[in-house]
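The sequence shown: position 330 = 329 (numbering that gives the first Met the number 0), numbered continuously. The C-beta atom is built at its ideal place from N, Cα and C for all residues, glycine as well. Data block below; observations after.
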Amino acid sequence: MGLFFKMFVTVVLTFLNVFTFPIFGFFAGEDNYQVKDAEDIKLNFAAISDIHMTDEFARVQVLKCGLWDMDHAADKLDALVLAGDLTDHGLEEEYENLKKAFEPYTPAKEILMVVGNHDTWTDEDDRYEPAKENFIRYSKEITGRELTECYYTTEINGYTFIVMASEGTSTSAYISDTQLQWLREEMDKAAEKELPIFVVSHWPLAETHGLPVTWGDEEPELLDGSFGDQNYQVEAILKDYENVFMISGHIHNGLVNDRQADIYGYTSVESDGSFHSINLPSYMYMGIRGRVFNGLGYSIEVYEKEVLIRARSFTSDVWYTDYDVTIPLV
Ligand SMILES: [Fe+2]
């Protein structure tokens, strides 16, 4: 096959995938978004990360494919978590494209936006304030949520979601003493409910999910790819509680299960006692490890005694059942 013919086929297939899925996906049927046990479920949400919206039309379409899938779920999602790097540079025109992708759909009853490092790269002079302003403005416009800080707490079906945010513009997070104090207070309040607590942060904890090696620097340093300087303070707070589920992105890994742990040296879902860490693949970019595809994320189903974490490509309407993890609650 000639090179030009191959290129032609690739372009045609990409076109078909991106532009026709919302039409033909409707007829797919057997892999539709449906929870395992609709009668007993307490909370049902999707989590995706690293959308990296730009001014490119194709990125809007790729996001729309996933939102379409969620919008057509058999059981309406209680929430959709967007775990940071919503945009490539935190720019107004990128947020406008993000908003445009959401406009035709209602993927979930509530949407939680989370700040990632790319969302803080708004200002040429490296100031944080313009990034914060854009995030707060578009959080209101896209999700209806009124914020005063980029970090916040919300309750969905009685379950607490604590959303952390960097207050700096570096690749690692900067978590102020005020936010650390707030985190402690919010965890205390959440623990009183004796229900699982969901903590969402773009940044994973150091030494989880293959860090620092999976961050990819040639000479990795221990805190690479993690929260950075406040990493161990955050970790100490979170690990004081039971049934904590931390959801992160940032590394752009693919899905890795127990069976592949000896190849990659980590898994996408890791537990330390009753602290559980879920690292989301990049939604927009394919990683270099594990199962890779675009539109990947997790469907998270909470039942009375367990949490079921199910991998899905939201763009192609496919469950990756090899990557399901069931976590019993204590
Ligand atoms: Fe990213």
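Boundaries of the alpha helix (DSSP H) in which residue i is found, first to last residue
| i | result |
| --- | --- |
| Asn96 | Glu91 to Phe101 |
| Glu234 | Asn230 to Leu237 |
| Thr142 | Glu128 to Thr142 |
| Met69 | Phe56 to Asp70 |
| Tyr263 | Ala260 to Tyr263 |
Residue i Cβ short of 7 Å to ligand 1 heavy atom set
| i | result |
| --- | --- |
| Gly253 | no |
| His117 | yes |
| His208 | no |
| Asp49 | yes |
| Asp223 | no |
| His88 | no |
| Asp84 | yes |
| Ser281 | yes |
| His249 | yes |
Of the listed residues the options, nearest to residue i (C-alpha basis)
| i | options | result |
| --- | --- | --- |
| Ile277 | Glu102, Ile308 and Glu184 | Ile308 |
| Asn293 | Gln232, Asp216, Gly115 and Asp316 | Asp316 |
| Asp122 | Asn133, Val114 and Met112 | Asn133 |
| Ala45 | Pro327, Val329, Leu328 and Trp318 | Trp318 |
| Asp333 | Thr320, Tyr32 and Tyr137 | Any answer about residue 333 is impossible in this case: the structure gives the chain only from 0 up to 329. |
| His201 | Ser247, Leu179 and Lys188 | Ser247 |
| Glu368 | Ser270, Glu166 and Asn230 | The displayed coordinates of the chain run from 0 to 329. Any statement about residue 368 would go beyond what the structure contains. |
| Thr105 | Asp223, Cys64 and Tyr151 | Cys64 |
| Gly253 | Pro219, Val291, Tyr231 and Ile262 | Val291 |
| Leu237 | Ile262, Val199, Pro280 and Trp214 | Val199 |
| Leu81 | Ile161, Ser48 and Gly227 | Ser48 |
| Lys108 | Thr86, Leu76, Asp87 and Glu93 | Leu76 |
| Gly157 | Thr170, Ile135, Lys188 and Ser171 | Lys188 |
Residue i: first and last residue of the uninterrupted beta strand (DSSP E) it sits in
| i | result |
| --- | --- |
| Met245 | Val243 to Ser247 |
| Ala37 | No beta strand (DSSP E) holds Ala37; DSSP gives it neither H nor E. |
| Ser298 | Leu295 to Val301 |
| Arg309 | Glu305 to Ser312 |
| Asn278 | Phe274 to Asn278 |
| Phe44 | Leu42 to Ile47 |
| Ser270 | Val268 to Asp271 |
| Glu123 | Counting along the chain, Glu123 falls outside any beta strand (DSSP E), and DSSP gives it neither H nor E. |
| Ile341 | Missing from the structure shown is residue 341; the chain here goes from 0 to 329 and no further. |
| Val80 | Ala78 to Leu81 |
| Tyr151 | Tyr151 to Ile155 |
| Leu111 | Glu109 to Met112 |
| Pro106 | Per DSSP, Pro106 belongs to no beta strand (DSSP E) and is neither H nor E. |
| Thr325 | Val324 to Pro327 |
Ligand 3 heavy atom lying under 7 Å from the CB of residue i
| i | result |
| --- | --- |
| Asp118 | Absence of ligand 3 is noted for the structure shown, with ligand 1 being the only ligands found. |
*Where are the alpha helix (DSSP H) runs, 4 residues long or more, that stay fully inside the stretch 158-224, in chain order?*
Taking only runs of at least 4 residues, the alpha helix (DSSP H) segments lying wholly in the stretch 158-224 are 176-190.
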